[in-house]
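Inspection log for the structure reproduced underneath, given as C-alpha cells.
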Amino acid sequence: MRDFSQNHSALALNTASLGHNLEGYGAGWSPEQVIDACAARGYGGIVFWRREIGARAQEIGDRVRAAGLQVAGLCRTPFLTGPLVPGDDAAIMDDFRASIDMAAALGTRVLTIVTGGIEPNTKGPIESQKTLADRIARAVDYAAQREVSLALEPLNPVYGGDRTCVMTTQDALNVCDMVGSDRLGIAVDVYHVWWDTTLPDALAKAKGRILGYHLCDWLAETNDMLLDRGMMGDGVADLRAIRGWVEDAGYTGLCEVEIFSADNWWQRDPEDVLDIIVDRFRTVC
Ligand code: ZN
C-alpha cells in the first residue's frame, strides 16, 4: 500500500468539496482560483463539475497542466436511467456525448457515470441496469475515439430510487461485463461502499478496472443523505482498509476528495478546507 504520510502528490480535489457541484452553494471560486490554491499546496490533480467548465474546457485543462497538475476527472454524465434523465432517449444520448466531448476537451481520461434511478413503470434495479448497459454500450465507442474512459460509480443504496440503479460494486462490475468494453470501469467512493461487507470480494474481481477512488467519510450521525458527508477521519468508514483493497486491485491513480457538506465544510474558508484535506490525507487515509 502506498505511504501518503510524507507525500500527498496522489491527492486530488473534487471541487464538490468546495460546494461547486450545486448552484447556489459554496465559495464560488473560479476554476483559476481553485487551480492556484491546489498547486500552491502540492495537490496532484483536480476533478471538476460540468457546470464550472461551460465552454472553457480546453482553456481550463491547459491551465491545470500549466500549473503542474492533472485534470483527474470530470463529473459527470447526465442521469442515464430513471426519473431525472434529461429527456427522451435521443436527448439522453446527446447529453451523454456532450459530457464525453467536455472530458476530451479538458484533457482528462476519466468521466464519471452516475447512473440515475429506477426506470418508470419498472420495479427493482435489474431492468434499469439493462437499459443503463444499453445506453453505455451505445456511447462507449464515441468515448474511445476521444480517449475518454467511463467510470461507473455505484451509489449508496439510500439513493436507490431516483439517483442510482447500481448500488453495489458487484452490480457495477456486472454492468461492465454486460457492456464488455475496456473503456468502461468503475469508480469506488468510500461514501457509497463503506457499509458493504462483500466489498473485498467484489474488488478482488475488479483487477485493472478501477478508474477512480473517492474519499470522504460517513458520519455516524449524518443529518442529510446528500449534503452531510464527513471529512476523512471524522466518521466510521475504514478508509485504510478500503484503499488497501482498491490498491490490491491494481489502482495506482489519484485519490479524489469529494465532500458534499452544505452546513459544515462548505461554510468554511476554502483555504482552510484545502489545508485540512492535506493533513487528513496524510494522517488517516
Ligand atoms: Zn464519488
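Using the numbering used here, you'd call the opening residue of the sequence shown number 115 and step up by one each time.
For every residue, glycine included, the Cβ atom is placed at its ideal position computed from N, Cα and C.
The ligand ZN heavy atom lying under 7 angstroms from the CB of D389: Residue numbering aside, residue 389 sits at position 275 when the sequence shown is read from its first letter. Answer for D389: no, Cβ out of range of the ligand ZN.
Check whether H328 and N128 have beta carbons under 8 angstroms apart: Position 214 of the sequence shown, counting from 1, holds the residue named residue 328. Position 14 of the sequence shown, counting from 1, holds the residue named residue 128. Cβ distance < 8 angstroms, so H328 and N128 count as in contact.
Residues that DSSP places opposite A126 in a beta bridge: What you label residue 126 is simply residue 12 of the sequence shown in a count that begins at 1. Looking at the DSSP assignment, A126 forms a beta bridge with G159, E370.
Close beta carbons around A151, own chain, < 8 angstroms, minus the five adjacent residues each side: On the sequence shown, position 37 is the one that residue 151 refers to. Correct list, in chain order: W143, P384, E385, L388.
Closer than 7 angstroms: A351 CB and nearest the ligand ZN heavy atom: The sequence position of residue 351 within the sequence shown is 237, counting from 1. No, the ligand ZN has no heavy atom inside 7 angstroms of this Cβ.
Cut-off 6 angstroms between Cβ atoms - residues of its own chain near A218, not counting five sequence neighbours on either side: Within the sequence shown, numbered from 1, the residue matching residue 218 stands at position 104. Within the same chain, A218 has close Cβ partners R260, V262.
Pocket of the ligand ZN (residues with CB nearer than 5 angstroms to any heavy atom), chain order: D303, H328, E372
The stretch 356-363 touching the stretch 287-297, judged by at least three CB pairs closer than 8 angstroms: no
C369 beta carbon less than 8 angstroms from that of A126: On the sequence shown, position 12 is the one that residue 126 refers to. On the sequence shown, position 255 is the one that residue 369 refers to. Taking 8 angstroms as the Cβ cut-off, A126 and C369 qualify as a contacting pair.
Interface flag, A355 vs chain C, CB-CB below 8 angstroms: Absent from the structure: chain C. Only one protein chain is present.
8 angstroms Cβ cutoff met for L401 and R277: Any question about residue 401 goes unanswered here, given that the chain covers just 115 to 399.
Backbone CA spacing between T229 and N235 [nearest angstrom]: Position 115 of the sequence shown, counted from the start, is the residue given in the question as residue 229. Position 121 of the sequence shown, counted from the start, is the residue given in the question as residue 235. Distance between the alpha carbons of T229 and N235 is about 17 angstroms.
Cβ pair Y305, C330 closer than 8 angstroms: For the purposes of this step, residue 305 is identified with residue 191 of the sequence shown, where counting begins at 1. For the purposes of this step, residue 330 is identified with residue 216 of the sequence shown, where counting begins at 1. Yes.
Buried versus exposed call for Q147 [16 or more other C-beta atoms within 10 Å across all chains shown]: Counting from one through the sequence shown, the residue named residue 147 turns up at place 33. Burial call: exposed.
Closest by C-alpha distance to V398, when choosing among M292, T366, A351, F374: The residue given as residue 398 occupies position 284 in the sequence shown. Cα-wise, what sits closest to V398 is A351.
Runs of beta strand (DSSP E) lying entirely within the stretch 339-390, each at least 3 residues, in chain order: 369-371
Test item: CB-CB of G187 and T245 under 8 angstroms: Start at 1 with the first residue of the sequence shown, and residue 187 comes out as number 73. Start at 1 with the first residue of the sequence shown, and residue 245 comes out as number 131. No, these two residues do not count as a Cβ contact at 8 angstroms.
Close beta carbons around D310, own chain, < 8 angstroms, minus the five adjacent residues each side: Mapped onto the sequence shown, residue 310 falls at position 196. These residues qualify, in order along the chain: T282, T283, A316.
Heavy atom of the ligand COA within 7 angstroms of R164 beta-carbon: The model on display carries the ligand ZN but not the ligand COA.
Backbone secondary structure at C152 - three-state DSSP: The count along the sequence shown starts at 1 and reaches residue 152 at position 38. Correct three-state label for C152: helix.
Inter-residue spacing [alpha-carbon to alpha-carbon] between Q243 and V199: For the purposes of this step, residue 243 is taken as residue 129 along the sequence shown, with counting starting at 1. For the purposes of this step, residue 199 is taken as residue 85 along the sequence shown, with counting starting at 1. Their backbone Cα atoms lie some 14 angstroms apart in a straight line.
Own chain, CB closer than 6 angstroms to I391, minus 5 neighbours either side, in chain order: Within the sequence shown, the letter at position 277 stands for residue 391. For I391, where only same-chain residues beyond five positions count, the Cβ hits under 6 angstroms are V371.
Status (buried if at least 16 other CB within 10 Å, exposed otherwise) for M115: Your numbering for residue 115 matches position 1 in the sequence shown. Classification of M115: exposed, given that the 10 Å Cβ count is below 16.
Three-way DSSP call (helix, strand, coil) for A265 in this model: By one-based count along the sequence shown, residue 265 stands at place 151. Strand, per DSSP.
Expected contact under 8 angstroms - CB spacing of A376 and L341 to nearest Å: By 1-based counting over the sequence shown, the position of residue 376 is 262. By 1-based counting over the sequence shown, the position of residue 341 is 227. Between L341 and A376 the Cβ distance is about 4 angstroms, and since that is below 8 angstroms, they are a contact.
Cβ pair G326, G367 closer than 8 angstroms: Residue numbering aside, residue 326 sits at position 212 when the sequence shown is read from its first letter. Residue numbering aside, residue 367 sits at position 253 when the sequence shown is read from its first letter. Against a cut-off of 8 angstroms, the Cβ pair of G367 and G326 comes out as a contact.
Best match in W332, G274, A286 for proximity to K237 [C-alpha to C-alpha]: Start at 1 with the first residue of the sequence shown, and residue 237 comes out as number 123. The option with the nearest alpha carbon to K237 is G274.
Own chain residues within Cβ distance below 8 angstroms of D285, not counting five before or after: Counted from its first residue, the sequence shown places residue 285 at position 171. Result list for D285: P239, Q243, P268, in chain order.
Where C330 sits in the DSSP three-state scheme: For this step, residue 330 is matched to residue 216 along the sequence shown. Three-state result, C330: coil.
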